[in-house]
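A.B. asks: In full-length UniProt numbering, the protein residues as written are 1 to 536.
Each residue gets a CB set at the ideal place from its N, CA and C atoms; glycine is no exception.
Owing to the predicted nature of the structure, the values given are computational and were not obtained by experimental measurement.
Sharing a structure with you now.
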Amino acid sequence: MVRRVKCDESKPHCQRCIVFGVVCAGYGPLVDVPPREPRLQTTQSKILLPTLATLQAVPIYRLNCGAGFEDELSGRCFRIYLEEIARQINGPFPNPLWAKLIPQISEMEPFVRDAIIAIGALGKHSKSQLPRKMSGPSFQGDDYQYALKLYGKSLRGMRDAIARGKHDLHNALIACLLVFIFEGMLGNQAAAAVHAESGLNLLFKFATGDNPGKSCKIQATSTHQNFEEDLLLALSNLDLQVLLFIDRRSKETHEQIKFFQTSIIRNLPAEFKDLQEARHFWQIIMNRNYHFLKSLQSLDMDVLRDERLLTEEGSSNMQADELLLSDPKEGPMTQNEECLRYRIDIGRWTSAAARPFDEIAKGEDEREKAGAALLMAQSKISHIMLSGTFFTVETAYDLFLPEFTAILNLAETILPYLTSAHRGGDPRFSIDIGIVAGIFLVASRCRFDHVRERAIEMLLSCNLREGTWDALAIAHVAKWLRSLELEGLAEGDPVPEEKRAVLSTVTMDLHNKRAELSAIQRAKTGVILRETSIAW
Numbered sequence: 001m002v003r004r005v006k007c008d009e010s011k012p013h014c015q016r017c018i019v020f021g022v023v024c025a026g027y028g029p030l031v032d033v034p035p036r037e038p039r040l041q042t043t044q045s046k047i048l049l050p051t052l053a054t055l056q057a058v059p060i061y062r063l064n065c066g067a068g069f070e071d072e073l074s075g076r077c078f079r080i081y082l083e084e085i086a087r088q089i090n091g092p093f094p095n096p097l098w099a100k101l102i103p104q105i106s107e108m109e110p111f112v113r114d115a116i117i118a119i120g121a122l123g124k125h126s127k128s129q130l131p132r133k134m135s136g137p138s139f140q141g142d143d144y145q146y147a148l149k150l151y152g153k154s155l156r157g158m159r160d161a162i163a164r165g166k167h168d169l170h171n172a173l174i175a176c177l178l179v180f181i182f183e184g185m186l187g188n189q190a191a192a193a194v195h196a197e198s199g200l201n202l203l204f205k206f207a208t209g210d211n212p213g214k215s216c217k218i219q220a221t222s223t224h225q226n227f228e229e230d231l232l233l234a235l236s237n238l239d240l241q242v243l244l245f246i247d248r249r250s251k252e253t254h255e256q257i258k259f260f261q262t263s264i265i266r267n268l269p270a271e272f273k274d275l276q277e278a279r280h281f282w283q284i285i286m287n288r289n290y291h292f293l294k295s296l297q298s299l300d301m302d303v304l305r306d307e308r309l310l311t312e313e314g315s316s317n318m319q320a321d322e323l324l325l326s327d328p329k330e331g332p333m334t335q336n337e338e339c340l341r342y343r344i345d346i347g348r349w350t351s352a353a354a355r356p357f358d359e360i361a362k363g364e365d366e367r368e369k370a371g372a373a374l375l376m377a378q379s380k381i382s383h384i385m386l387s388g389t390f391f392t393v394e395t396a397y398d399l400f401l402p403e404f405t406a407i408l409n410l411a412e413t414i415l416p417y418l419t420s421a422h423r424g425g426d427p428r429f430s431i432d433i434g435i436v437a438g439i440f441l442v443a444s445r446c447r448f449d450h451v452r453e454r455a456i457e458m459l460l461s462c463n464l465r466e467g468t469w470d471a472l473a474i475a476h477v478a479k480w481l482r483s484l485e486l487e488g489l490a491e492g493d494p495v496p497e498e499k500r501a502v503l504s505t506v507t508m509d510l511h512n513k514r515a516e517l518s519a520i521q522r523a524k525t526g527v528i529l530r531e532t533s534i535a536w
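The structure is reproduced here in structure tokens:
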């Protein structure tokens, strides 16, 4: 049974209000007023976050309770967010930020409340849709238009707060997270990524004192340490989303974050106490590894900023030099040695996690089992990604057949937990980089066809969207790559190097369920460019 989160569940001594030092009487009663005529609004990709100079990095000292709703529908959508969406956002690792702290903040910040209601309205819209087996965009009914209306109202509230100077760093980062969730659920990957990166840049400037040469260090204030730790964990997930999508941050930024995270990893214990500690260190290791991979890419940032969004809103355009592992080169000895050290860190983490993971496997907690399986799968994915950084031939990936198989075996433990409670036609949305990107790695890099087909089938059937990674969309990308490689081959024939296809550009429009793809095959006669359009 789903518990409803209520401000006065221990009335008159609400536990959360004791923490924040206020007295409350719970959420105000719902007020029945005539519903307003829904008006279709369009989402915007303009960056709404303030600059660092407009912010005061102060903690939230007091939270006013008694949030009211304009109508019965807004209250219902707020509850859908609390009871359903907030429980799904973080996969098997719950974060009280979503179901407790952000709703609490919404009582004093109307734009936060409007964003929550808009997200809840999208969830309500999803429940009314047929399963996504049917092709084409979702039917855009009243709930969808209501979501856009409230989202537009929230964006205006954010702008007004910035203009009045009543916007602290915490609320700016929370706004960034909520915008990412709404745009991600809507399928506007590019707009979601732009706002995510803006929030991360804001946090980076705060951590370095707006001095790129200064040591990167973030400390939570003692008064609200738990709140800030939960917020930083959510932003760490956002960091991964940007790293594995389109990342405009400079090489110097990646190097600085990588150095800071490596200093923490040096303190990795010989044995973890529990799943939470294992997850804490793995998150740092995984982020550091992908910052390393991004620091190796030679990107023209000025050109990338100009071409960041296509004229068609919501589409995202990724080139070969932005797609990890799509443009490999032999690295200098120092980079190879650094890569090896990071792979050794994965081995240290695996050893430290062995005992608590064995105990979890013997227990009956399904959430912990799914969480442990997810971390183990991600460790294997990161190992392959690091190893593949300097591969100059695709046949080198054949060595990882045991790892590819293990990732899919672990995914079979993870996916039932993630999808069991989801009933909507649209995909179950999570802010985590969970397992979808890893299954796609298998579907695109493993050329043992029985394993590859299994990975593609998992993506087709799981109905997940983890941030910018939509399982159904990338399943169709993997199917196209496979079809290119199997052209002219008899069943069971190995795929030779010259037929192996690597993505070179991807223009994805999740909202309208279509994509433009190109890939290259390095044939003996030269490079062959293959292009296609897909819809699902």
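(1) Please name the residue, chosen from W536, E497, K513, that lies closest to V527 on a Cα-to-Cα basis.
(2) In chain order, what residues of the same chain lie with their CB nearer than 7 Å to the CB of E84, ignoring the 5 residues before and after it?
(3) Given this structure, state the Cα-to-Cα distance separating P269 from W349, to the nearest angstrom.
(4) What does DSSP give as the partner residue(s) for V502 in the beta ladder?
(5) Here's the rule: buried if 16 or more other CB atoms are within 10 angstroms of the residue's CB, otherwise exposed. What is V506?
(6) Any idea what DSSP makes of D247, helix, strand or coil?
(7) Between the region 349-366 and the region 375-382, do three or more beta carbon pairs fall short of 8 Å?
(8) Can you confirm whether the region 351-371 touches the region 385-396 when touching is taken to mean that 3 or more C-beta pairs between the two stretches lie within less than 8 Å?
(9) CA-CA distance, V477 and Q276?
(10) Mind reading off the beta-carbon distance from I435 to A411? Whole number of angstroms is fine, and I expect it under 8 Å.
(11) Between which two residues does the beta strand (DSSP E) containing G199 stretch?
(12) Tell me residue 545's beta-bridge partners as DSSP assigns them.
(13) Would you report the Cα separation of E255 and S198, rounded to the nearest angstrom?
(14) In the DSSP output, what is L529 paired with across the bridge?
(15) Of all the options R447, L459, A471, which has the alpha carbon lying nearest to the alpha carbon of V502?
(16) M108 by DSSP, collapsed to three states: which one?
(17) Taking only three categories from DSSP, how would you classify V2?
(18) Determine the direct distance from the alpha carbon of L148 to that of S128, and round the result to whole angstroms.
(19) In the structure shown, what three-state DSSP assignment does G157 receive?
(20) Would A519 pass as a contact of L481 if the rule is Cβ separation under 8 Å?
(21) In the DSSP output, what is D509 paired with across the bridge?
(22) May I ask which residues mark the beginning and end of the alpha helix (DSSP H) holding L399?
C.D. replies: So, to answer that:
(1) E497
(2) G123
(3) 9 Å
(4) I520
(5) buried
(6) coil
(7) yes
(8) no
(9) 35 Å
(10) 5 Å
(11) Where G199 is concerned, there is no enclosing beta strand (DSSP E), although the alpha helix (DSSP H) it sits in stretches over 189-208.
(12) Examination of residue 545 is not possible in this model, given that the chain is present from 1 through 536 alone.
(13) 18 Å
(14) I520
(15) R447
(16) coil
(17) Here the model assigns V2 a pLDDT of 40, short of 50, so the residue's position is not dependable and the matter cannot be decided.
(18) 16 Å
(19) helix
(20) yes
(21) R514
(22) Looking at the DSSP string, L399 is not in any alpha helix (DSSP H), and its letter there is neither H nor E.
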